[in-house]
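Structure first, commentary second.
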Amino acid sequence: MYKNNSQAKPFIVEDGFSNLANAIIIQAVKDYREAIHFLKHHPHTPDLDTEEAKKDIRKITLLNNIIKNEGERDDVERFFRSGWFGELTALDGDVLLKQIREMEVG
1 MYKNNSQAKP FIVEDGFSNL ANAIIIQAVK DYREAIHFLK HHPHTPDLDT
51 EEAKKDIRKI TLLNNIIKNE GERDDVERFF RSGWFGELTA LDGDVLLKQI
101 REMEVG
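Numbered according to UniProt numbering, the sequence shown spans residues 1 to 106.
Encoded structure:
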C-alpha cells in the first residue's frame with residue numbers, strides 16, 4: 001500500500017526540520033525587531049534611575065519595559081551568534097543582525 005515509504009520518510013523529516021528551523025529564526029527576527037524598535041523610541045535614560053522616578057508608576061512601568069526589551073535584544077543577539085543558530089542555518093548571524101538594525105533603526 002505504501003510503496004517507497006522508506007524513501008519519503010527522510011524527505012519529510014528533513015522538510016519538517018527546515019520548517020521548524022525557519023520558524024525559530026523568523027520568530028527571533030520578529031522579537032529582535034520589536035525590541036530594538038521599542039528601545040529606539042524609549043531609550044534607557046538616567047532620569048529613569050532617580051529616586052523621584054522610582055515613585056512614579058508610569059516611569060517604573062516604562063523602566064520595566066525597557067529592561068525587558070533590553071533583555072530580549074541581548075538574548076536574540078546571543079542566539080544569532082550561537083552554535084545552535086549555526087546548526088539551524090547557513091546564514092551569518094552578525095550580518096543578519098546588522099541588516100535588521102539598519103532596517104529598524106536606520
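Think of the CB as a built atom: it goes at the ideal place given N, C-alpha and C, for glycine as much as any other residue. Note that the coordinates shown come from a computational prediction; the quantities given were computed from them, not determined experimentally.
Exercise for the section: Tell me, please, whether the segment 27 to 43 touches the segment 65 to 82 by the rule of three or more beta-carbon pairs shorter than 8 Å. Expected result: yes
Problem - Status (buried if at least 16 other CB within 10 Å, exposed otherwise) for R78 - result: exposed
Handout entry: Sequence-distant residues of its chain with Cβ nearer than 7 Å to R101 (five each side left out)
Key = I36
Handout entry: Nearest-angstrom Cα separation, counted from K40 out to I60
Key = I60 and K40 have their C-alpha atoms spaced approximately 18 Å apart.
Exercise for the section: Would you please state the rounded distance, in angstroms, between the beta carbons of L62 and F80? I believe it to be under 8 Å. Expected result: That belief does not hold up - the Cβ atoms of L62 and F80 are roughly 27 Å apart, past 8 Å.
Problem - Cβ-based burial, S6 [other Cβ within 10 Å; buried from 16] - result: Because the pLDDT at S6 is just 47, under 50, the model does not fix this residue reliably, and the value given afterwards should be weighed accordingly. Exposed is the call here.
Practice task
Rounded to whole angstroms, what's the CA-CA distance from A28 to V76? Just pull it up for me.
Solution key: CA-CA distance, A28 to V76, rounds to 6 Å.
Exercise for the section: Answer with buried or exposed for G93, where buried requires no fewer than 16 other C-beta atoms within 10 angstroms of its C-beta. Expected result: buried
Practice task
State the DSSP-derived secondary structure class of T61, mapped to helix, strand or coil.
Solution key: helix
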